[in-house]
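Written below as structure tokens is the structure these notes are about.
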Amino acid sequence: MSFLTVTYALTFYFAAIVFVFGLAYRIRTYAKSPAPLKIPTTPAPTTRTGVVVRMLKELTVFESLFKSNKWIWLFGILFHAALLLAFIRHLRYILPDWSLLVFMQPFGKYASFAMVIGLGGLLVRRIVVDRVRYISAPSDYLMLVLIIAIAASGMLMTFVEHTDIVALKAFLLGLIFVDWNPLPTDLILLVHLALVALLMIIFPFSKLLHAPGVFFSPTRNQVDNPREHRHIAAWAAKLETSGK
Amino acid sequence: MIRSMFKLLPLLLGLVFIAGPSYAGDRVKLPELAPAKGDKCVEPTDVMRRDHMEFILHQRDETVYGGIRTSKHSFAECINCHVTPRADGSYPRVSEKDHFCASCHSYASVKVDCFSCHADRPEKAIKRGAHGHSHASFKNFDVDTAQHRLAYKDDGSGITAQAEGSAQ
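Chains as they are written, first to last, in this note's numbering: chain V, 1 to 244; chain U, 1001 to 1168.
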């Protein structure tokens, strides 16, 4: 097994551990954070089902973002939809042959253009809109540039200088089943994979946590029923019963 | 919480090191390629595994645009050598996983466009005339393609075409 294969294999194990445990830790923190007040953004649904519908709209079409800013919404949804298609395309590296997966391949291929356009739009916004530039931290740029670099290196492999994807699949399956196979040594692939590992490692410490975080947003996930039911946090309820 | 996770890390990596070599070689399924007829390919095997599509596309452009048809990277020759009969004498089709092309292409979910026009079995495996005048039958399209494969020859005055199969 070459030095390169071992290095990348260990890097991906490390990245996967940081990603999974880091994310689990974050989600646990979010779940345990107190939400002492009833603060759904009105008009809000008055039933549990209504909240589920609201969350689904939030997740699939970014409803509140659409209501607040059309440009960010446009570039944002372009990027996220493309990300979903690219993700589906990449499933071929771990899943067995499946006709739907074969059918979805070209969608992921051309989604890469939408992805770069979306991210490019968001990056231009950060640089060009002065009040957004004022509040932009280095990590805001880093995330955009990192994902653009991942998309660009992926596109280079799809459209310009391909790699050996059969060997790549053998490598990735080898990571999962702990039966290592050699990694192809194409430079673009190595860059692509290194950037992805970096993204996985940085994910639990970054703004990308909006992905799990959206589920814990009290302004979105609360039912608008403060008059029907008294809203009382668990810790406050405990104080009441103990009579203090 | 985070600190306890990092304590686990060496343990997990240790497991990987111990488990890795002992399982090596039998857990990941690799594509199984059908044996070829000849003893070696027109290019080195590792080059062909990576770049066969480049050769085939280049050959297509040379042939279709330039009118130069050579046999070295001829697609029909790929098929003649690589698609071999099974034990029962039948030839695998590209829709079946034991077809030479399909073994890797299905492994990596890559669609093969070649066979919507080209035959997926060697020329001699296709029963000529078995379907009679099957020109209208789209299902047997590869039979027609094999019979009426056109040879393009540049005689200086432009490209002329003649049907090989019809001469038989």
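Even glycine gets a Cβ: it sits at the ideal position worked out from N, Cα and C.
With a threshold of 6 Å on Cβ separation, who are the neighbours of residue i within its own chain once the five nearest residues in sequence on each side are excluded?
i: Arg1121 of chain U; result: Val1083 and Tyr1091
i: Pro1085 of chain U; result: Tyr1091
i: Asp1155 of chain U; result: Its pLDDT being 44, under 50, Asp1155 of chain U is placed unreliably by the model, and the measurement read from it follows with that caveat. So the list is empty, once near-sequence residues are dropped.
i: Met200 of chain V; result: Ala15 and Phe19
i: Leu123 of chain V; result: Leu144
i: Met155 of chain V; result: Ser112
i: Val214 of chain V; result: none
i: Met104 of chain V; result: Ile88
i: Ala1036 of chain U; result: Cys1081 and His1082
i: Thr1063 of chain U; result: Arg1069
i: Phe1055 of chain U; result: His1073
i: Pro45 of chain V; result: Val51 and Arg54
Quick one: residues in its chain with C-beta nearer than 8 Å to the C-beta of residue i, no 5 flanking neighbours on either side, listed in chain order?
i: Leu175 of chain V; result: Ala9, Phe12 and Tyr13
i: Glu161 of chain V; result: Asp186 and Ile188
i: Thr1145 of chain U; result: With a pLDDT of only 46 at Thr1145 of chain U, under 50, the local geometry of the prediction cannot be trusted, and the value read off the model is given with reservation. Cys1117, His1118 and Ala1119.
i: Ser136 of chain V; result: Arg126
i: Gly1038 of chain U; result: Cys1081
i: Ile232 of chain V; result: Glu240
i: Thr158 of chain V; result: Lys109 and Ser112
i: Leu95 of chain V; result: Leu101
i: Ala1034 of chain U; result: His1082, Val1083, Thr1084, Pro1092, Asp1098, His1099, Phe1100 and Ser1103
i: Ser64 of chain V; result: Thr41, Glu58 and Arg220
Kindly indicate the opening and closing residues of the alpha helix (DSSP H) around residue i.
i: Phe19 of chain V; result: Phe3 to Lys32
i: Glu228 of chain V; result: Where Glu228 of chain V is concerned, there is no enclosing alpha helix (DSSP H), given that its DSSP letter is neither H nor E.
i: Ala1102 of chain U; result: Phe1100 to Tyr1107
i: Lys109 of chain V; result: Ser99 to Val128
i: Gly135 of chain V; result: In the sequence on display, residue 135 of chain V carries Ile and not Gly. Segment: none, Ile135 of chain V is in no alpha helix (DSSP H) and carries neither H nor E.
i: Pro212 of chain V; result: His210 to Gly213
i: Ile94 of chain V; result: Taken as a continuous stretch (DSSP letters only), Ile94 of chain V belongs to no alpha helix (DSSP H), as it is neither H nor E.
i: Ala197 of chain V; result: Leu187 to Ile202
i: Pro1122 of chain U; result: Here Pro1122 of chain U belongs to no alpha helix (DSSP H), and DSSP marks it neither H nor E.
i: Val166 of chain V; result: Ile165 to Ile176
i: Asn221 of chain V; result: Pro218 to Asn221
i: Lys238 of chain V; result: Ala234 to Thr241
Evaluate residue i with the Cβ neighbour count: other Cβ atoms within 10 Å of its Cβ, from every protein chain shown; 16 or more gives buried, anything less gives exposed.
i: Cys1104 of chain U; result: buried
i: His1058 of chain U; result: exposed
i: Arg54 of chain V; result: buried
i: Met143 of chain V; result: buried
i: Gly22 of chain V; result: buried
i: Met115 of chain V; result: buried
i: Tyr1065 of chain U; result: exposed
i: Asp1046 of chain U; result: exposed
i: Leu119 of chain V; result: buried
i: Pro36 of chain V; result: exposed
i: Val196 of chain V; result: buried
i: Tyr1107 of chain U; result: buried
i: His192 of chain V; result: buried
i: Trp98 of chain V; result: exposed
Near residue i, what residues of its chain come up, given a Cβ to Cβ distance below 7 Å and the 5 sequence neighbours on each side ignored?
i: Tyr93 of chain V; result: Leu168, Lys169 and Leu172
i: Leu85 of chain V; result: Phe107, Gly108 and Ala111
i: Val1094 of chain U; result: Cys1101, Ala1102, Val1112, Phe1115 and Asp1120
i: Val1042 of chain U; result: Lys1072 and His1073
i: Ser1022 of chain U; result: Residue confidence for Ser1022 of chain U is low, a pLDDT of 49 falling below 50, so the modelled location carries little weight; the figure read from the coordinates is stated next. Counting only Cβ-Cβ distances below 7 Å, and skipping sequence neighbours, we find nothing.
i: Pro184 of chain V; result: Thr163, Asp164, Ala167 and Leu168
i: Arg227 of chain V; result: none
i: Trp235 of chain V; result: Pro34
i: Ile117 of chain V; result: Leu78
i: Phe66 of chain V; result: Trp73
i: Arg26 of chain V; result: Pro204, Leu209 and Pro212
i: Pro1031 of chain U; result: Ser1103, Cys1104 and Tyr1107
i: Ala1076 of chain U; result: Glu1123
Along the segment 1050-1062 of chain U, what residues have a CB closer than 7 Å to any CB found in chain V?
Arg1050
Using a Cβ-Cβ cutoff of 7 Å, what residues of the segment 129-163 of chain V are near chain U? List them in chain order.
none
Contact set between the segment 161-184 of chain V and chain U, restricted to residues whose Cβ is under 7 Å from the partner:
Asp164, Ile165, Val166, Lys169, Ala170, Leu173, Gly174, Phe177, Val178, Asp179, Trp180 and Asn181
Between the segment 1064-1084 of chain U and chain V, which residues of the former have CB atoms less than 9 Å from a CB of the latter, in chain order?
none
Counting only Cβ-Cβ distances shorter than 7 Å, please list the residues of the segment 18-34 of chain V near chain U, keeping chain order.
Phe21 and Tyr25
Against chain V, which members of the segment 1100-1111 of chain U pass a CB distance test of less than 8 Å?
Cys1104, Ser1106, Tyr1107, Ala1108, Ser1109, Val1110 and Lys1111
Name the residues in the segment 98-126 of chain V whose C-beta lies less than 8 Å from a C-beta of chain U; which are they?
Trp98, Leu101, Val102 and Gln105
Along the chain, which unbroken stretches of the alpha helix (DSSP H) at least 4 residues long are found entirely within the segment 34-75 of chain V?
48-61 and 63-68
Return the residues of the segment 1028-1041 of chain U that lie within a Cβ-Cβ distance of less than 7 Å from chain V, sorted by chain order.
Val1028, Leu1030 and Pro1031
Select from the segment 51-76 of chain V all residues with a C-beta closer than 7 Å to any C-beta belonging to chain U, and list them in chain order.
none
Which runs of the alpha helix (DSSP H), 4 residues or longer, sit entirely within the segment 1021-1108 of chain U?
1045-1064, 1075-1082 and 1100-1107
Please list, in chain order, the residues of the segment 79-92 of chain V that have any C-beta partner in chain U closer than 8 Å.
Arg92
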